[in-house]
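Numbering (this note's numbering), first residue to last: 7 to 965.
A virtual CB, placed ideally from N, CA and C, is assigned to each residue, including glycine.
This is how it looks when you write it as structure tokens:
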């Protein structure tokens with residue numbers, strides 16, 4: 007081989023080894039490298055760059071010309087002495103090297119070099135070094151370069167762990183396991199590992215590290231938190247900005263210290279803002295009568311940034327002054343003074359005081375405290391009021407008499423005392439059940455000396471007080487008078503009441519006979535017998551359309567027929583069970599246009615489908631209430647003519663005639679439509695889901711009240727809805743909620759919620775009372791159960807009741823006593839009402855009129871909505887829901903169908919149940935849970951878990 011230097015096109019030298027003895031036979035030319043140290047290599051690679059001439063391009067060449075050469079190697083621990091004789095037999099062959107491209111003489115003449123590159127693996131190499139040797143056996147070769155290298159996995163940082171340079175194993179099929187070392191300011195979470203592959207690639211990362219407290223991950227390293235930021239937990243997350251009213255001045259802060267005048271309670275997490283004690287309660291007022299003294303106040307103007315405000319009542323009795331100094335002498339109030347519900351730790355803004363002395367001066371101090379009131383030096387937040395207890399004025403009411411009584415009502419009258427003043431404005435009647443606490447009472451007013459008290463319970467003794475109101479104020483109450491309502495068994499009712507009932511029955515029977523004779527002639531007997539069978543209650547009674555021999559008569563009776571030319575369809579807004587639902591306008595001549603929704607019956611209908619479609623209209627037409635969807639009319643009789651139809655006259659009409667034609671069954675020539683008022687905001691559940699968190703609690707209660715008004719009306723008419731759910735409540739542009747969908751008696755074949763079949767059709771399990779599921783027993787009480795579910799939907803902004811539980815699991819859970827927990831941010835009073843609606847015994851559930859009355863009281867007194875479920879603990883473990891205690895974070899998340907967030911909790915350092923019990927909604931967001939519905943479900947479960955841990959710790963056990 008000859009060492010030759012040539013110049014390339016850029017006039018740069020190229021050093022090559024060449025051999026080209028192709029004209030001579032039996033060539034055996036060798037070229038050997040110097041000794042190469044192996045270093046850390048176990049597998050060595052040789053890259054050859056060379057040119058090789060095509061034998062066919064050489065004239066007069068003999069048959070010994072070759073187009074290949076051979077590569078050999080020899081391992082040694084030391085370099086061979088210079089005088090060592092070269093022995094080819096000592097070398098091991100690696101491979102025969104052939105060219106992918108060869109060149110010809112023309113190529114050489116044009117200075118076009120065609121380099122070949124070949125890579126071969128040498129080894130295994132086990133000694134300290136080796137030689138490479140190249141054998142030519144008759145080819146024309148130019149060896150341009152030889153590169154010898156080995157592969158390694160380069161040093162790297164993965165998952166905050168550093169891994170060093172690593173050489174693969176000699177065996178290409180095995181991987182080298184390498185353990186990493188956490189970078190500075192990081193801690194091991196799980197042992198960090200990587201595997202080095204034969205090609206020098208890192209494979210299969212396992213484990214890793216996370217930044218220590220006070221540090222955050224930044225470009226693969228852990229950087230100290232800057233001043234003004236902190237990190238209270240180890241994990242791979244950014245440092246958090248100091249909460250309000252706190253700061254950090256050093257790097258790597260693990261907590262932000264509160265500013266002067268602000269504090270954190272022991273139970274507050276480091277992520278919470280620093281807070282301060284509240285200001286004094288506002289507008290403290292007193293009201294006294296002959297039985298009780300009432301104090302009422304407004305919450306402090308400045309709550310200190312906290313929600314855990316409670317109130318303490320401090321009392322002093324000041325009966326006179328020291329004659330020498332003129333200073334009023336005060337001492338603590340007598341111990342038998344009673345505070346209802348209690349003097350300390352009040353969560354409400356009112357208290358009642360009884361058993362006080364008359365002709366005494368009391369000074370009451372109402373103190374507002376929160377979780378940090380006992381920290382630091384701060385003035386007490388007190389509001390003061392002084393009350394003088396005098397004897398009430400003389401009673402102006404004499405003996406109170408019971409005129410008559412029924413199961414739910416008592417009629418009273420009374421006489422006035424002699425020489426009564428002429429300026430009596432009205433009377434107040436206070437009453438309560440004898441077995442109940444006197445302070446839990448109801449009252450009513452009347453201008454006449456008589457009243458009928460309604461809404462009472464059967465077979466119950468009630469205590470009544472009556473007092474008069476004059477221009478000078480209220481007088482004292484009359485003495486107590488006790489009267490009882492009649493029992494439910496009419497056989498033991500008052501004789502006077504029996505006489506009234508008998509008289510009414512005789513008259514009613516006579517009227518029934520006369521009407522029967524009349525109706526037999528008119529063919530309407532079945533309808534009116536059904537109508538008269540329901541006791542008269544002062545409101546129109548619902549008539550079931552199925553009592554008609556021909557249901558079409560019910561439509562004619564209760565629904566107004568509309569000329570189809572008055573209807574202008576604008577667009578399709580949905581699909582119903584029987585056809586499309588459109589929006590449009592109703593243009594009755596001489597009246598203002600109104601927006602309407604039009605339900606259509608698709609073509610090809612059967613008579614049975616037509617009857618079922620119009621049945622809902624015959625039901626809706628009987629209702630007239632601002633919280634019931636209004637029926638404007640039906641289209642059943644008018645012929646439809648394309649030539650004069652005004653459907654196409656709307657300025658924004660978006661349907662082609664062919665589309666409209668498909669709405670109507672022209673085989674009969676008559677369009678079938680139901681026209682109802684248009685509700686701009688659609689169904690309540692979807693409306694709330696798209697506006698999550700945008701309403702105040704008072705607004706949500708207002709929506710519930712509207713639904714309760716509608717259901718009270720329906721229950722008084724004797725109508726049972728059977729499918730009360732947020733999806734069947736419609737919302738107009740003024741947020742007025744109206745009950746709709748009165749077709750539950752149909753078989754809802756396409757309803758995804760109707761997953762349980764019973765007599766009369768499919769039942770929406772998640773909204774239906776247990777007795778209706780088990781026995782098909784629907785009543786107003788089962789509607790009340792459904793109303794409780796609707797309340798839960800409203801407070802959770804349209805979340806699905808019972809989440810991903812199967813229908814069978816829902817049935818079993820309810821049977822075992824499980825009830826839905828309060829949604830996040832739900833006031834205690836509302837959740838208590840829900841639980842009352844979910845009483846297992848239907849007779850123990852409230853009536854709709856009671857629900858409506860309760861909601862009205864909440865709206866009148868919004869402060870009763872301030873106490874949230876997650877702000878209070880029940881008085882005893884028996885009062886809390888029965889939720890299982892789980893073994894691990896994973897089990898807990900599995901139980902609430904949130905297992906996809908296990909890594910989020912573990913990465914943030916939450917590894918025990920005790921640690922998650924302090925989490926707030928901000929903590930949930932901070933660990934990467936972004937979906938609002940998932941946030942609500944997790945925080946609701948944490949609240950339940952917090953109750954259990956609280957009572958376990960109170961019992962003296964360690965969690």
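Ordered along the chain, which non-local residues of its own chain (more than five positions away) have a Cβ less than 7 Å from that of residue i?
i	result
residue 831	874
residue 662	Reliability fails at residue 662, whose pLDDT of 39 lies under 50, so the model's placement of it is uncertain and the value that follows must be treated cautiously. Excluding sequence neighbours, residue 662 sits near nothing in its chain.
residue 227	189
residue 229	221 and 222
residue 593	572, 574 and 599
residue 684	589, 601, 602 and 603
Using the three-state DSSP reduction, which class does residue i fall into: helix, strand or coil?
i	result
residue 7	coil
residue 773	helix
residue 95	helix
residue 210	strand
residue 721	helix
residue 221	strand
residue 371	strand
residue 167	strand
residue 941	helix
residue 366	strand
residue 819	helix
residue 657	Low per-residue confidence applies at residue 657: pLDDT is 35, beneath 50, and the placement is therefore not dependable, though the value from the model is reported in the following sentence. Of the three classes helix, strand and coil, the one that applies to residue 657 here is coil, per DSSP.
residue 693	helix
residue 263	strand
residue 649	Unreliable positioning characterises residue 649 in this predicted model, as indicated by a pLDDT of 33, which lies under 50. The coordinate reading is nonetheless provided below. Residue state, collapsed to three classes: coil.
residue 902	coil
residue 559	helix
DSSP has residue i in a bridge; who is on the other side?
i	result
residue 153	53
residue 567	640
residue 578	588
residue 449	436
residue 390	371
residue 471	436
residue 35	142
residue 430	476
residue 131	The partner list for residue 131 (beta bridge, DSSP) is empty, contrary to what the question assumes.
residue 338	322
residue 420	406
Assuming the contact rule is C-beta atoms closer than 8 Å, residue i and residue j should be a hit. Round their C-beta distance to whole Å, please.
i	j	result
residue 638	residue 730	Contact flag wrong, Cβ pair sits at about 23 Å.
residue 156	residue 89	About 31 Å separates the two Cβ atoms, so there is no contact after all.
residue 721	residue 860	Going by Cβ atoms, the distance from residue 721 to residue 860 rounds to 15 Å, so no, they are not a contact pair.
residue 249	residue 284	In fact, because the Cβ distance is near 19 Å, the residues do not count as touching under 8 Å.
residue 419	residue 460	Not a contact, Cβ separation roughly 16 Å.
residue 148	residue 75	Not confirmed; about 11 Å, so no contact.
residue 143	residue 22	That belief does not hold up - the Cβ atoms of residue 143 and residue 22 are roughly 19 Å apart, past 8 Å.
residue 548	residue 724	5 Å
For residue i, is the classification buried or exposed, using 16 other Cβ atoms within 10 angstroms of its Cβ as the cut-off for buried?
i	result
residue 387	buried
residue 153	exposed
residue 573	buried
residue 816	buried
residue 633	buried
residue 18	exposed
residue 431	exposed
residue 868	exposed
residue 5	Outside the shown range of the chain, which is 7 to 965, sits residue 5, and nothing can be said about it.
residue 492	buried
residue 966	One cannot answer for residue 966 here, as it falls past the ends of the chain, which runs 7 to 965.
Who are the near neighbours of residue i in its chain, counting only those whose CB is closer than 8 Å to its CB and skipping five residues on each side?
i	result
residue 624	551, 557, 560, 561, 563, 564 and 565
residue 288	303, 304, 305, 306, 307 and 389
residue 43	134 and 135
With a CB to CB cut of under 6 Å and the five nearest residues on each side skipped, what residues in its chain are close to residue i?
i	result
residue 292	301, 391 and 393
residue 320	371
residue 318	350 and 373
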